[in-house]
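Undergrad: Numbering (the working numbering), first residue to last: 104 to 161.
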């Protein structure tokens, strides 16, 4: 949602032609997905730090 609002603000401010508006929209949208995916992977990688230790194997 944040990426959508940010992109809409840029397009409204710049008032580009339709082709450039589409290019800005897809470019910023894909950048937002990339950032969110990277953050999610970072959180998943560190999420096992908060798990209780398992039983030792015999």
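Every residue gets a Cβ at the ideal spot worked out from N, C-alpha and C, and that includes glycine. All values derive from a computational prediction rather than experimental measurement.
Around the C-beta of residue 110, are 16 or more other C-beta atoms found within 10 angstroms, so that it is buried, or is it exposed?
TA: For this step, residue 110 is matched to residue 7 along the chain shown. Burial call: buried.
Undergrad: Check whether the Cβ atoms of residue 128 and residue 114 lie closer than 8 Å to each other.
TA: Within the chain shown, residue 128 is the residue found at index 25, counting from 1. Within the chain shown, residue 114 is the residue found at index 11, counting from 1. Yes, the Cβ-Cβ distance between residue 128 and residue 114 is below 8 Å.
Undergrad: Do you know whose CA, among 126, 135 and 147, lies nearest residue 107's CA?
TA: Residue numbering aside, residue 107 sits at position 4 when the chain shown is read from its first letter. The shortest C-alpha separation from residue 107 is found at 135.
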